[in-house]
Amino acid sequence: MIQQDNLQANKPHKIGYALSGGFIKGFAHLGVIQALLENDIKPDIISGVSAGALAGAFYADGNEPYKVVEIFNGYKFMDLTSWALTRTGFFKLDDFKDFLKTNLKNQNLEDMKIPLVITATDLDHGKSVQFRKGNTADLVAASCCMPVMFAPVNINGTNFIDGGVLKNLPVSTIRKECEKVVAINVSPLVAGKYKMNVIDIALRSYHFMFRANTFPDREHSDLLIEPYGLDGYRNRELGKAEEIFKHGYDTANKVINKLKQEKGNIWK
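The UniProt record's numbering puts the first residue of the sequence shown at 1, with every later residue one more than the last.
In structure tokens:
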């Protein structure tokens with residue numbers, strides 16, 4: 001028992017957040033974070049991938065979660081991206097990076113008020129890469145760069161795409177340095193109805209593979225919150241941000257209250 005206590009004492013962070021990918025569903029991250037904060041579950045470090053990197057960046061920058069939703073008010077999908085006109089993707093993320101540079105106070109990860117780790121996929125070398133330093137806008141864009149839809153983001157000569165391709169729930173990134181890790185997975189694996197045609201079968205298989213890499217990380221979290229029922233939102237529906245935020249907020253409160261009633265605490 002003494003040995004376990006020493007292991008806990010040697011970890012630099014008490015609580016870490018691990019935020020999954022999920023595109024438009026990422027606004028649910030902010031709702032969950034709002035509920036966690038109201039229950040005094042505050043992060044000392046944040047690990048984010050794709051939409052989770054975006055939500056994590058704005059919160060680590062010093063913004064209240066509900067305020068982040070307000071920042072996106074009035075924007076449409078095409079305000080944050082533009083046609084790529086290349087063979088590497090349908091859209092490019094230059095406008096998205098400009099939006100981040102305009103709305104984030106801290107331009108580099110190492111300057112964030114809360115330490116932030118961003119995961120992206122190195123397309124050239126086929127590996128998952130974790131960033132703790134560097135230009136925030138570039139790294140968030142790289143982590144959010146869904147393949148085919150967006151042209152890869154080039155950083156120092158290397159092409160990066162969506163971090164969720166190899167690690168869509170980045171618990172392991174901070175597991176060894178945190179006493180507790182809260183995993184927020186806004187893209188849980190759901191086997192709903194589908195049509196028997198080539199496109200639907202291909203997309204369904206892609207989503208299964210994309211989300212299956214979350215299973216090991218789910219098991220290594222101390223508190224897992226997974227908002228279901230978000231698959232009906234289309235990725236271009238920025239106008240639904242508040243609705244998605246509330247869904248995450250309500251889900252988190254239900255999970256926390258249920259655990260407190262049944263176990264007396266929220267941790268595994």
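Note that CB positions come from ideal geometry on N, CA and C, so glycine has one too. If you're wondering where the values come from, they're calculated on a predicted model, not measured in any experiment.
Does residue i come out as helix, strand or coil in the three-state DSSP assignment?
i	result
residue 25	helix
residue 47	strand
residue 261	helix
residue 228	coil
residue 239	helix
residue 7	Confidence at residue 7 is low in this model, with a pLDDT of 45, below 50, so its placement is unreliable and the value that follows should be read with caution. Helix, per DSSP.
residue 91	strand
residue 65	helix
residue 216	helix
residue 73	coil
Relative to the C-alpha of residue i, which residue among the options is closest?
i	options	result
residue 229	194, 201, 263 and 251	251
residue 94	124, 77, 125 and 109	77
residue 220	268, 236 and 155	268
residue 69	194, 41 and 32	32
residue 90	114, 54 and 149	149
residue 124	140, 115, 234 and 156	156
residue 127	159, 100 and 225	159
Any heavy atom of the ligand PLP within a distance shorter than 7 Å of the CB on residue i?
i	result
residue 43	The ligand PLP is absent from the structure shown, which contains no ligand whatsoever.
Mind reading off the beta-carbon distance from residue i to residue j? Whole number of angstroms is fine, and I expect it under 8 Å.
i	j	result
residue 265	residue 259	7 Å
residue 121	residue 161	5 Å
residue 163	residue 50	6 Å
residue 45	residue 174	6 Å
residue 56	residue 116	6 Å
residue 72	residue 238	6 Å
According to DSSP, what are the bridge partners of residue i?
i	result
residue 130	119
Touch test, the stretch 188-200 against the stretch 128-146, Cβ-Cβ under 8 Å, three pairs minimum: Contact between the stretch 188-200 and the stretch 128-146 is absent: fewer than 3 CB-CB pairs across the two stretches fall below 8 Å.
Three CB pairs or more closer than 8 Å across the stretch 168-184 and the stretch 9-23: Yes, they touch.
Contact the stretch 79-99 vs the stretch 31-38: 3+ CB pairs below 8 Å: By the Cβ criterion, the stretch 79-99 is not in contact with the stretch 31-38, since fewer than three pairs of Cβ atoms, one from each stretch, lie closer than 8 Å.
Given 8 Å, three or more beta-carbon pairs between the stretch 100-116 and the stretch 52-66: In short, these stretches touch, since the Cβ pair count reaches three.
Three CB pairs or more closer than 8 Å across the stretch 240-254 and the stretch 22-33: Touching, per the Cβ criterion.
Any 3 or more C-beta pairs closer than 8 Å across the stretch 156-171 and the stretch 15-24: The stretch 156-171, when compared against the stretch 15-24, does touch it at the 8 Å Cβ threshold.
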